[in-house]
Amino acid sequence: MKTILTKGTSRLMLAAICGLPLLQACKDTPDPVAAPEIKDYAIFVTVGNANATESYYTLTVDNLEKDTLLSPVKSGIVSDADLFWATIYSAYSKGNFYFTMDGNIISKQRIQTGKYREVGNVVAEAGSWELGMMKTLFNENGLNFISWQTSYNKTDNVLENKLFMVDTTASMSVKSKNPIKFPMPKYKLYDTDGKEVKNEDMPLTPSSFSIRDNKVFIGYYYDWATKIDTAYMLVADYPSLANVKLLKDARLGHVSGAWYASSSSFTDDNGDYYFSTINNKGEYGLLRIKKGATEIDPTYAFDLKEIGNIALSNGGYAGPDHHTYLKNGLAFMGSFVIDVRNKKVVKDLNSFGLGAVQKTMETYSENSNDMYVVLKTDNARWFIAKYDVEKNTLKRGVEINGGITSVSRISRLK
Numbered sequence: 001m002k003t004i005l006t007k008g009t010s011r012l013m014l015a016a017i018c019g020l021p022l023l024q025a026c027k028d029t030p031d032p033v034a035a036p037e038i039k040d041y042a043i044f045v046t047v048g049n050a051n052a053t054e055s056y057y058t059l060t061v062d063n064l065e066k067d068t069l070l071s072p073v074k075s076g077i078v079s080d081a082d083l084f085w086a087t088i089y090s091a092y093s094k095g096n097f098y099f100t101m102d103g104n105i106i107s108k109q110r111i112q113t114g115k116y117r118e119v120g121n122v123v124a125e126a127g128s129w130e131l132g133m134m135k136t137l138f139n140e141n142g143l144n145f146i147s148w149q150t151s152y153n154k155t156d157n158v159l160e161n162k163l164f165m166v167d168t169t170a171s172m173s174v175k176s177k178n179p180i181k182f183p184m185p186k187y188k189l190y191d192t193d194g195k196e197v198k199n200e201d202m203p204l205t206p207s208s209f210s211i212r213d214n215k216v217f218i219g220y221y222y223d224w225a226t227k228i229d230t231a232y233m234l235v236a237d238y239p240s241l242a243n244v245k246l247l248k249d250a251r252l253g254h255v256s257g258a259w260y261a262s263s264s265s266f267t268d269d270n271g272d273y274y275f276s277t278i279n280n281k282g283e284y285g286l287l288r289i290k291k292g293a294t295e296i297d298p299t300y301a302f303d304l305k306e307i308g309n310i311a312l313s314n315g316g317y318a319g320p321d322h323h324t325y326l327k328n329g330l331a332f333m334g335s336f337v338i339d340v341r342n343k344k345v346v347k348d349l350n351s352f353g354l355g356a357v358q359k360t361m362e363t364y365s366e367n368s369n370d371m372y373v374v375l376k377t378d379n380a381r382w383f384i385a386k387y388d389v390e391k392n393t394l395k396r397g398v399e400i401n402g403g404i405t406s407v408s409r410i411s412r413l414k
């Protein structure tokens, strides 16, 4: 991809956090009692101004529902290095943080003694300074991600990204790195100066990513400056990427979403795959590919114009818009809980009056029922709140103080 990201536009956060003190048994106690298991959560926050100086902290708490006040000052530790670019192109799973380091190395880090410590790494591709992790997904094969760099293959007249499959065990290894061959657009693209974009400069943005039934599904668009009204989805065998098939649908606009880790698609408990769209008026929609199918369902199109443009504050037409599936046909998009099967909006979490839901890179949930969101009140107070799916209730928990400007992630450390 030819887009250049600057600190002002791409900074999120990454920082080290305080760890648990080591438990030492007394010499005269032959059978020490083990410490009780506690839930350790991390809240990733940004302090400062993107146009000036930003600082990144990770705050920890044993209970997200706890009525307590956390502050980055003294209780959060600044990261050891300025890794603003890594936090966008990153993945977090089971207490491990994965990101691209030095352009071509995938680093695996974990919280140890109050800092992020590298516990493994692998050279993903020698000499590639534009490797980056765009869309990421964990499955039984490990970490799957689409590389940031897009190149033009003149021989085949296609645009290529790569799908990396990384074994994330202690040894870490690249199991495969196969090219994804996207067809060239059938229409002309123009840059912001009105000049036609050359093939070798053609941008491409993967915005939806799923792997199921031994198939990979990648929703994409070519350029955010040229607005189109058709959703494109590439389907291929996984992991070989053979038997490429191109799907398209012009009912609700193009696939929505940003090029980094935020997800604009999800799979429900029936195995049906949903991906969001946005039209030239900024109105959202949902399309579906049913379990076992490799075609967009012609009987399903959910027009979501009533929820407005949920990405407006983060880039408008093609900004980040992370969605997540909950259960029983319910999904979360923006601040809305939506019944995707029956095509109706169930609840706007902002209507509880506890604060406005903030967009994050990931939406954390557990027990198939409890979803944690970030709220910001009119007087600039920040809270973590739990939405109970069964009870349809929202309750504030941890409050964050200290002049923060954003929360990028809520994650569980163990």
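Here the sequence shown is numbered in full-length UniProt numbering, starting from 1 and rising by one per residue. All C-beta atoms, glycine included, are put in the ideal place defined by N, C-alpha and C. Bear in mind that the values here come from a model prediction, so they are computed numbers and not experimental data.
Cut-off 7 angstroms between Cβ atoms - residues of its own chain near residue i, not counting five sequence neighbours on either side
i    : result
S335 : D348, L349, N350, V357
A242 : A236
R341 : G329
S90  : F97, Y98, F99, M133, A261
Neighbourhood of residue i by C-beta, 6 angstroms cutoff - its chain only, sequence neighbours within 5 removed
i           : result
residue 454 : Any answer about residue 454 is impossible in this case: the structure gives the chain only from 1 up to 414.
R288        : D272, Y274, D297, Y300
V216        : A236, Y238
N153        : E160
First through last residue of the beta strand (DSSP E) which encompasses residue i
i    : result
S408 : 404-412
I211 : 205-212
N157 : From DSSP, N157 is part of no beta strand (DSSP E); its letter is neither H nor E.
Y41  : 41-48
D339 : 336-339
E399 : 393-400
E54  : 54-61
L246 : 245-249
M101 : 96-101
DSSP state of residue i mapped onto helix, strand, coil
i           : result
S351        : helix
N178        : strand
I111        : strand
D201        : helix
G132        : coil
E306        : helix
V73         : helix
E362        : coil
A301        : coil
D28         : Low per-residue confidence applies at D28: pLDDT is 41, beneath 50, and the placement is therefore not dependable, though the value from the model is reported in the following sentence. Coil at D28, not helix or strand.
R288        : strand
I296        : coil
N280        : coil
E390        : coil
residue 486 : A question about residue 486 goes unanswered here, because the residues of the chain that appear run from 1 up to 414.
K376        : strand
Y222        : coil
N328        : coil
M165        : strand
K66         : coil
Y238        : coil
Close beta carbons around residue i, own chain, < 8 angstroms, minus the five adjacent residues each side
i    : result
T267 : S210, R212, Y273, Y274, Y325
R229 : As written in the sequence, residue 229 is Asp, which differs from the Arg given in the question. A250, G253, H254, N279, N280.
Cβ neighbour criterion (16 or more within 10 Å) applied to residue i
i           : result
D249        : buried
I180        : buried
residue 430 : This structure cannot speak to residue 430, because the chain is shown only from 1 to 414.
Y190        : exposed
L246        : exposed
S171        : exposed
P206        : buried
K162        : buried
residue 417 : It is not possible to answer for residue 417, since the shown part of the chain is limited to 1 through 414.
V345        : exposed
Option nearest residue i by Cα separation, candidates the options
i    : options                : result
C120 : N392, R110, L64, G127  : Here residue 120 is Gly; the residue named in the question, Cys, does not match the sequence. Minimum Cα distance to G120 is reached at R110.
M233 : S240, L204, P239       : L204
S147 : N157, N104, T155       : N104
K305 : K108, G282, M101       : G282
L64  : A380, E390, K391, Y364 : Y364
N199 : A231, T168, I218, E160 : E160
V407 : N139, D388, V374       : V374
N157 : M361, K186, I404, A42  : K186
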